[in-house]
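Chains as they are written, first to last, in my numbering: chain A, 1035 to 1505; chain B, 1035 to 1505; chain C, 5 to 446; chain D, 5 to 446.
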Amino acid sequence: MKLLNELSKRGKNKFDIEDDINSEIEMLDDKYLRDDVNIPDVSEIELIRHFISLSKDNYGVDNGFYPLGSCTMKYNPKINEDIAKREELKYFHPLTSIEYSQGLLKIMWEIEEFLKSLTGMDAFTLQPAAGAHGEYTGLRIMWEYFNEKGEKRNKVILPDSSHGTNPASSSMLGLDVIEIESKEGMVDPEKLIEVVDENTFALMLTNPNTLGFFEKDILKISKILKSKGALLYYDGANLNGFVGIARPGDMGFDAVHLNLHKTFSTPHGGGGPGSGPVGVKEFLKDYLPYPVIENSDDFYYFSKPAKSIGKVRSFFGNFSVILKAYLYIKELGFEGLKEVSQIAVLNANYIKEKLKKYYPSQFDRLVKHECILSGKIYKEYGVKTLDIAKRIMDYGFHPPTIYFPHIVDEALMIEPTETENKETLDNFIEAMIKISDEIKNNPEIVKNAPITTKIQRPDELRANKELKVKW
Amino acid sequence: MKLLNELSKRGKNKFDIEDDINSEIEMLDDKYLRDDVNIPDVSEIELIRHFISLSKDNYGVDNGFYPLGSCTMKYNPKINEDIAKREELKYFHPLTSIEYSQGLLKIMWEIEEFLKSLTGMDAFTLQPAAGAHGEYTGLRIMWEYFNEKGEKRNKVILPDSSHGTNPASSSMLGLDVIEIESKEGMVDPEKLIEVVDENTFALMLTNPNTLGFFEKDILKISKILKSKGALLYYDGANLNGFVGIARPGDMGFDAVHLNLHKTFSTPHGGGGPGSGPVGVKEFLKDYLPYPVIENSDDFYYFSKPAKSIGKVRSFFGNFSVILKAYLYIKELGFEGLKEVSQIAVLNANYIKEKLKKYYPSQFDRLVKHECILSGKIYKEYGVKTLDIAKRIMDYGFHPPTIYFPHIVDEALMIEPTETENKETLDNFIEAMIKISDEIKNNPEIVKNAPITTKIQRPDELRANKELKVKW
Amino acid sequence: MKFIPHTQKEIEEMMRDIGISSLDDLFKDIPDEVKIKEKLNLPTPLSELGIKNEIENIFSSDIPPKRIFLGGGAYYHFIPSTVNYILNRGEFYTSYTPYQPELSQGILQALFEFQSVLSDLTGADVTNASMYDGATSLVEAIFMAERIKNKKRLLVANSLNPEYQEVIKTYLKPRNIEIEYIDFREDGRVDLDKLKDKSKNDFSSLVIQSPNYFGIIEDIEDINKIVKEKDALLILSILEVLSLGMLKPPFELGVDILTGEAQSFGLPLSFGGPYLGIIQTRKEFIREIPGRIVGETVDRNGKRCFVMTLRTREQDIRREKAKSNICTNNSLNAIASLVYLTTVGPEGLKKIANLNYKKAHYFKQRLTNEGFNLTFSGPFFNEIAVNLPFSYDILKEKLSIVGIEGGFPLRYYGMDNSYLFAVTEMNSREDIELLICALKEG
Amino acid sequence: MKFIPHTQKEIEEMMRDIGISSLDDLFKDIPDEVKIKEKLNLPTPLSELGIKNEIENIFSSDIPPKRIFLGGGAYYHFIPSTVNYILNRGEFYTSYTPYQPELSQGILQALFEFQSVLSDLTGADVTNASMYDGATSLVEAIFMAERIKNKKRLLVANSLNPEYQEVIKTYLKPRNIEIEYIDFREDGRVDLDKLKDKSKNDFSSLVIQSPNYFGIIEDIEDINKIVKEKDALLILSILEVLSLGMLKPPFELGVDILTGEAQSFGLPLSFGGPYLGIIQTRKEFIREIPGRIVGETVDRNGKRCFVMTLRTREQDIRREKAKSNICTNNSLNAIASLVYLTTVGPEGLKKIANLNYKKAHYFKQRLTNEGFNLTFSGPFFNEIAVNLPFSYDILKEKLSIVGIEGGFPLRYYGMDNSYLFAVTEMNSREDIELLICALKEG
Ligand SMILES: Cc1ncc(COP(=O)(O)O)c(C=O)c1O
Ligand SMILES: Cc1ncc(COP(=O)(O)O)c(C=O)c1O
């Protein structure tokens, strides 16, 4: 594939636009003006072919099974895409007077109500642009709360299975991170007690956690934190594991974020945009970033909470992403969402049961939305999990997440989601078993994978060394 | 690729729709009712993956060079697609009262005006659904004209280079077809004189013809026909060769059809829908199929011409195709359309000049929208033009039309269109030269082509014998 | 806008390579007499933004209301988002007729699937890869029957859509085929006695529509008996293909050729087109069917694949001896209907069909409750003719006040106060009530 | 609707294989106390048609007029059809972050191209693969500067968008970084004297916006001199990136970190998001830039390809030591902006930018002709503040009568009768006249 600049030749592009002003206009002082604009000059047909061709070098859920663990790569309903692309949204300016935006405010207000119902939290902000942004916002709200109370707590506790954004978000607030070792893949209340003290700001917990386990001691955990005045933060990236079955708000969590681009089916777009709404319990409500949406007598308007942390971004949130999640919830309703987690969990356990003897990890228990397997037994053949992942491509699937969570050696983190049918799972299982056979009989096949992709095993070290980040 | 029925399993599809009628309704008598509906039962995600995957096994203009001769595979502007997919058109019923459809009638009225300007004809009908349908309609109008005059003419004359639809359309009217031999790839007035008589209904002529030549004796030809009271029909499929430069109406043609899905950039859709408007000279106007669009004081309405042939289809035409052509004309204007043929002809001659010594045909003269080459000199290597076409695929291009027109042995009919840039042409030319080298040095490569496509050289005889036309 | 990708420099290079000094030289073979000398009267070119703005103006005025009770051969139905999503794939819509199977398996397999699904739905053995529309495919069916039976006489039920009747007339006139019409009874169905009568003389085929133009479901088996007694063919035209979600597969009732307008399967109304003609028949007549057919085969490696087949019926091979002149047909719309049918699935199709039936019958209930009379008493699917005590102009006015379009007058039959209404899944109960209200008013 | 593809039978088979007898068994590890016992208060599920109808209702009322003169960080610009056509490709939008380069070359190359085009446009060495929005990327730039210069003091031009000022405050409060504001002059630009004054004490960086919140173009070089004297970094925030089609490449003027909101490059207004944050810097600071960066490399066969690079800056590798917590960013919108820029091309970008400039200045001419005063006298691009002799409520009323949205009050600065208007290529001359008319009225 050529790069756009390699296709460029001055004069190819014929873009035009009408100028209906025929008056003389004072020109800007030369010193501000650029000489030329140096961006690719290609024709429209080349542009289309270029990007269509690029798209064909990419794999999405629309192309096949995408069991990337912790990413909840479910089907993205086309109706929701269509609605979010409505003409009106093209010209719906965020500073539009609210008389004109009652409908959109209603949508935002209602989805907050839905999310409150689903999580058991008391108030929501839709502003965060992604999960990590939600984490920051949630922690920031907690920070403001402690700050107001005059408490200087600076210890954030994380299980060793936590997602990288959890410690990184904590750092952004200048908080210190303490990692505690898991026991059987879950938080060990004994260990937790040892580290929780008056200096503890919060425990951040993903539940189901990144191993796919429900944190069985969640109520104990919550008590331990509360006993020291610390708070409990819920990383809701894995809500697909029990949405409609249980609620973080009932487990003692004080603040939560959700990834609408996971549980609520909005597409991931090759790395965003997403949306990471944050929900809090009543006592944190006044700290929410402004504006919040209020409703009196079916008139919707914005307001600023009394002790608001301020703003965490421009405007009010990733509206068109929020809209898609809103539509999804309205399409499914309560029973539908419950079925989502039931089948997601069914699928994950099915894969685990069928593959655990081929890719055993140190754990074998009931999982929720995802299951962790391991390629460690194949080390003796000189095969790494990375090789297995690459070989999976040759069978037509996207590989699972690998080498995460760190506490599982040679981890394969498989999240099928509820939108994959039994046949797909069976095909995947069959492929995984074949790969295990290949490793035993002819490991070179696996070490040389992939062979069906256009490019194979890029040299990442070279990229890091040369740092060629533009043409 | 599996077939849909192979993916089907009863209960997969979860489509639903609300029923807001809660009254008891009399049921239809059992004898009318079917037991079950036996169509594929697949889930939405499977459906999407199936068709996305199918699409990837298809090649369109969006994917690359598509020099299929006589098909004018030019770029299909995306803006026109967008506009034709407007929400309003989804619910614009053809029987809508004309008070509501003034805008759409105006579009139809205006494009007729544009087409009149461009062709020099006096009136148009937009009804025909494709070129062949246009031919039928045009001939039918002529038939009615003669019929009314009480003349029983039944001979349609066609050059041997004519497109298959020309004789087929004649037959549909019960007319007899006489093919005359071309001279230097064009109609030979001497020969024509010999066959034209009082029984001659019309000559159907494509101009530029299917060899890409402008019929240089067109004025003579026209005279010969007129002298016997016969008519001249213009197959406008190749108008791209002189749109904006010359007009069939000025050459003596009495009726013309245009392929909006060729010259006017509407996409071909893998075989339709198209649109084949027919234009006629004043004396044939009263025979147009009804309804025709009239305009008085900017109020648009339908009417029925005095001697109308009747109707040739339901409703008024392939509106959304017509709309795209309308947009295209408005986007380009006169100068733009003229440039279309200039560059289309430039491109065709460029290819011809660069390749004529590698693929010589019996002709070498200035061409218009397309050029004819021939693979005949490679017969001695046992290589057929079909092999060359297949080999072209391995170089990433769609092959040209082959074995047509029949008067050129081992014909390669190449129509680049104006939307292909020089680089693409150069790449194609280079590939063609390489193929000629391959034939000379290692003909097996070419005979074994294609090797890069997913399927290779399907067994057409078997298809014809087994006639498996459903699963 | 311009879609020419050349730079000026490239154009000059190319001219040099060809050996010409101006673009005009490319047209020196065209006699001066026929060359355009002045600027033609065409609009000034517009940019993409310019054209968008212009169209915006057209579409922001005079747009019909969305409460549509119009039918008569085109129906307002729900189109799932999947349809457009798939049609938007450039690989499909920017391709030509699949002449090169190696580069066209996508279209070919989809058309094969279309043929299969449509065949399964009606019980046909063969479905071609699409026709222009319901009317022209009916004409082709008539020609087909004539080729098979070779009688210069055609019977047509008068309850066939009047437009279709007109199209038949236009096409048959030069062919010297006599057309005779079979009248309908009080219940709106083909008058079997009259049919028997007219079928005394030989004929190639009888054309009926069911549900017919008045929405009434014909007794196809009874009709077929009469037709078969004369060794003629029964041609059924279906304009509301959604009825197939409910009604018996026509080929089980003896139909020989089925033609139809499949617009209801996922195609927008689009002011009348492009729609989707279908034509189907029994295996024995496969060589007489017009247009493209896709067949299954294997490639040189034994891999299943698809090609256009029985090509010797077609114009590009057989020229004047072809079965039809059709070339470009309606592939993309065939794919649309395939995606539609696959999206709704077997249960969905039944549901939607039943819902149409139910809503139309609810409308009928409400009408009769309010004292209005139906024009015909026969069983119907989703369309009915109603006698109303006022003129078309008054009806239009009443309806436009409440934002409804509907009620097409049966003028063709001289029944000036009878109006055709279609009711589909797109009409809510409220819409129906509003319509009833408007009819009652004043 | 349901997006679960299983048949009931398959579910049962799977349960059997797992060894459970009911789906509830899958959740037996969840304590009963926290299980949902009653149906949650959520809406009844809707079909695809049902949801479409509901949304139709929402969008058919209360829709703002299309004559939009609002700016302030989000601009109404033309979006060519190519953008959506490409974004509609499922291969792009249904994919995840490109962790597996073999299956993600499409996204990776497009992001590399995005980085390159944006770098070329501004003169930057490095552009990352996107940020959330203009405000959060500005915060990240401030953190970056702090990591580099390590001074606990930040200078911020008061002419920075007030929302952005608020975001900075929120993020800096827990970090103990002191913020000082630099006022603007009568002409709307940074007061250089005050800047000199405040820059006496050490600071890590100065944040300016240009065109600033009032639309005024800053003298970046002059500002930079002062900043560089103190060995601090100059951070430029651009909210109207279209101005880059006209104004000097900022990195040629000494800017060290550029952040921006690139919504103007092909993204719909969408009521505020998702938009597209950009962050750029010089080569020397590449290791401090947050978020994803795509780099060129070769694969094992020596074929050029693209991968995410410098990954050790990121949270999934470095956890609490990462340069930022950002994970999901805005890839798809980055591709949108790339398609936008490629569609308009170099000449098109200049044309559009110049047209914006021209229309805004025509508006200014008309205003001054009619006796209205601009709030500031500095040079501007496509946005200006106007003093109007009436309140915001009255302004809104005047404009709503003629179907115009525009005029955002500068309340934040206590300038209650000063209103911000943006004029873009989407505002026709007629719109402008209409606006002038409405302002003059009564
Ligand atoms: C468990 C967990 N937490 C947080 C995140 C961060 O979410 P985002 O990528 O939306 O910032 C992710 C996503 O990768 C995750 O899996
Ligand atoms: C010269 C010529 N005439 C007529 C036709 C028939 O046009 P259509 O396919 O639209 O029926 C074609 C198209 O293939 C053609 O090339």
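We put the CB at the ideal spot given by N, CA and C, even for glycine.
Fill in: Residue-chain proximity (E1078/B, chain A), Cβ-Cβ < 8 Å
The sequence position of residue 1078/B within the second sequence is 44, counting from 1. Taking Cβ atoms only, chain A reaches closer than 8 Å to E1078/B, which makes this a yes.
Discussion item. Is S208/C close to ligand 2? I mean its beta-carbon at under 7 Å from any heavy atom of the ligand.
Written reply: Taking the first residue of the third sequence as position 1, residue 208/C is located at position 204. S208/C: no, Cβ never under 7 Å from ligand 2.
Discussion item. Quick check: does the Cβ of C331/D come within less than 7 Å of any heavy atom belonging to ligand 1?
Written reply: Within the fourth sequence, the letter at position 327 stands for residue 331/D. At least one heavy atom of ligand 1 is nearer than 7 Å to the Cβ of C331/D, so yes.
Fill in: E265/C - partner residues in DSSP beta bridges
Taking the third sequence and counting its residues from 1, the one referred to as residue 265/C is at position 261. Paired residue(s): G281/C.
Discussion item. For N1381/A and L1273/A, what's the separation of their Cα atoms in angstroms?
Written reply: Locating residue 1381/A in the first sequence gives position 347, where the first residue counts as 1. Locating residue 1273/A in the first sequence gives position 239, where the first residue counts as 1. Between N1381/A and L1273/A, the C-alpha separation is close to 15 Å.
Worksheet item: To the nearest whole angstrom, what separates the beta carbons of L199/D and I224/D, a pair I think is in contact under 8 Å?
Response: The count along the fourth sequence starts at 1 and reaches residue 199/D at position 195. The count along the fourth sequence starts at 1 and reaches residue 224/D at position 220. Their Cβ separation, rounded to whole angstroms, is 12 Å, which puts L199/D and I224/D out of contact at 8 Å.
Fill in: 8 Å Cβ cutoff, I1082/B in contact with chain A
Counting from 1 along the second sequence, the entry for residue 1082/B is found at position 48. So, interface residue.
Fill in: Listed by chain order, chain C residues near C1105/B by CB distance under 7 Å
Your numbering for residue 1105/B matches position 71 in the second sequence. One finds Y100 in chain C with Cβ atoms closer than 7 Å to the Cβ of C1105/B, taken in chain order.
Discussion item. For Y1125/A and E434/D, I'd like the C-alpha separation in whole angstroms.
Written reply: Position 91 of the first sequence, counted from the first residue, corresponds to residue 1125/A. Position 430 of the fourth sequence, counted from the first residue, corresponds to residue 434/D. One C-alpha to the other measures close to 18 Å.
Discussion item. Considering just the uninterrupted stretch of the beta strand (DSSP E) at V231/D, what are its terminal residues?
Written reply: Here residue 231/D corresponds to residue number 227 of the fourth sequence, with the count starting at 1. Taken as a continuous stretch (DSSP letters only), V231/D belongs to no beta strand (DSSP E), being part of the alpha helix (DSSP H) at I224 to E233.
Worksheet item: Looking only at C-alpha atoms, which of K287/C, M5/C and L27/C sits nearest to Q1376/B?
Response: The residue labelled residue 1376/B in the question sits at position 342 within the second sequence. Per the Cα distances, L27/C.
Worksheet item: Buried or exposed: which applies to W1490/A, given that a residue is buried once 16 or more other Cβ atoms fall within 10 Å of its Cβ?
Response: Taking the first residue of the first sequence as position 1, residue 1490/A is located at position 456. Contrary to the premise, residue 1490/A reads as Gln rather than Trp in this sequence. So Q1490/A counts as buried.
Practice prompt. Give the range of the beta strand (DSSP E) segment to which C309/D is assigned.
Written response: Sequence index remark: in the fourth sequence, residue 309/D carries index 305 (1-based). Segment R308 to T313, the beta strand (DSSP E) holding C309/D.
Worksheet item: Along the chain, where does the alpha helix (DSSP H) that runs through R151/D open and close?
Response: Mapped onto the fourth sequence, residue 151/D falls at position 147. Segment G138 to K153, the alpha helix (DSSP H) holding R151/D.
Discussion item. So D1070/B contacts chain C; which residues on that side make the cut at Cβ distance below 9 Å?
Written reply: For the purposes of this step, residue 1070/B is identified with residue 36 of the second sequence, where counting begins at 1. Going along chain C in sequence order, the residues near D1070/B (Cβ under 9 Å) are P350 and K354.
Item to complete: Please look up how many angstroms separate the CB atoms of N333/C and Y136/C, rounded, as I've assumed it's under 8 Å.
Response: Indexing the third sequence from 1 puts residue 333/C at position 329. Indexing the third sequence from 1 puts residue 136/C at position 132. Indeed they touch by this definition, with Cβ atoms about 7 Å apart.
Worksheet entry | Straight-line gap, V1190/B to P272/C (C-alpha atoms, nearest Å) | What you label residue 1190/B is simply residue 156 of the second sequence in a count that begins at 1. What you label residue 272/C is simply residue 268 of the third sequence in a count that begins at 1. Going from the Cα of V1190/B to the Cα of P272/C covers about 39 Å.
Worksheet item: R370/D lies in the alpha helix (DSSP H); which residues open and close that run?
Response: Your numbering for residue 370/D matches position 366 in the fourth sequence. Membership of R370/D in the alpha helix (DSSP H) is indicated by the continuous run S335 to N373.
Worksheet item: Looking only at DSSP bridge pairs, what is R157/D linked to?
Response: Numbered from its first residue, the fourth sequence carries residue 157/D at position 153. DSSP output for R157/D lists E182/D as bridge partner(s).
Worksheet item: Taking C-alpha atoms, which residue in I408/D, T428/D, L414/D and V427/D lies nearest to L438/D?
Response: Walking along the fourth sequence from the start, residue 438/D turns up at place 434. The shortest C-alpha separation from L438/D is found at I408/D.
Worksheet item: In chain B, what lies closer than 7 Å to T1453/A by C-beta?
Response: Position 419 of the first sequence, counting from 1, holds the residue named residue 1453/A. In chain order: I1079.
Fill in: Listed by chain order, chain A residues near K1046/B by CB distance under 8 Å
Position 12 of the second sequence holds residue 1046/B. Per Cβ cutoff of 8 Å: N1455.
Item to complete: Please list the segments of the beta strand (DSSP E) lying wholly inside the region 371-414 of chain D, counting only runs of 3 or more residues, in order along the chain.
Response: Within the region 371-414 of chain D, the complete beta strand (DSSP E) runs of at least 3 residues are 387-391, 408-410 and 412-414.
Worksheet item: Taking the beta strand (DSSP E) that Q1396/B falls in, what are its first and last residues?
Response: Here residue 1396/B is taken as the residue at index 362 of the second sequence, counted from 1. Neither: Q1396/B is in no beta strand (DSSP E) and is coded neither H nor E.
Item to complete: Give a yes or no on whether 8 Å exceeds the smallest Cβ distance from D1116/B to chain A.
Response: Within the second sequence, the letter at position 82 stands for residue 1116/B. Cβ-Cβ to chain A under 8 Å: no for D1116/B.
Discussion item. Along the region 1401-1421 of chain B, where does the CB come closer than 7 Å to a CB of chain C? Name the residues.
Written reply: Residues are counted here when their Cβ sits less than 7 Å from a Cβ of chain C; for the region 1401-1421 of chain B the count is zero.
Discussion item. Taking beta-carbon pairs under 9 Å, can you tell me which members of the region 266-282 of chain C lie near chain B?
Written reply: So the close ones are P272, L273, S274, F275, G276, G277, P278, Y279, L280 and G281.
Worksheet item: Taking 7 Å as the cut-off, does the CB of A1271/A come closer than this to any heavy atom belonging to ligand 1?
Response: On the first sequence, residue 1271/A is found 237 positions in, with the first residue counted as 1. Result yes, Cβ under 7 Å from ligand 1.
Worksheet entry | Within chain C, the residues that F63/D reaches when beta carbons sit closer than 8 Å | The count along the fourth sequence starts at 1 and reaches residue 63/D at position 59. The premise fails here: F63/D is roughly 13 Å from chain C at the closest Cβ pair, so nothing lies under 8 Å.
Item to complete: Could you name the residues of the same chain whose beta carbon sits closer than 6 Å to that of T347/D, not counting the 5 residues immediately before and after it, in chain order?
Response: Here residue 347/D refers to the residue found at position 343 of the fourth sequence. Close CB contacts of T347/D within its chain, under the 6 Å cut and outside five residues either way in sequence, are with P84 and T86 (chain order).
Discussion item. Considering only DSSP beta bridges, list what S241/D is partnered with.
Written reply: Residue numbering aside, residue 241/D sits at position 237 when the fourth sequence is read from its first letter. The bridge partners DSSP lists for S241/D are Q213/D and T263/D.
Practice prompt. Indicate whether the contact test is met: 3 or more Cβ pairs, each with one atom in the region 1405-1418 of chain A and one in the region 36-54 of chain D, closer than 8 Å.
Written response: Because the criterion of three Cβ pairs below 8 Å is not met, the region 1405-1418 of chain A and the region 36-54 of chain D do not touch.
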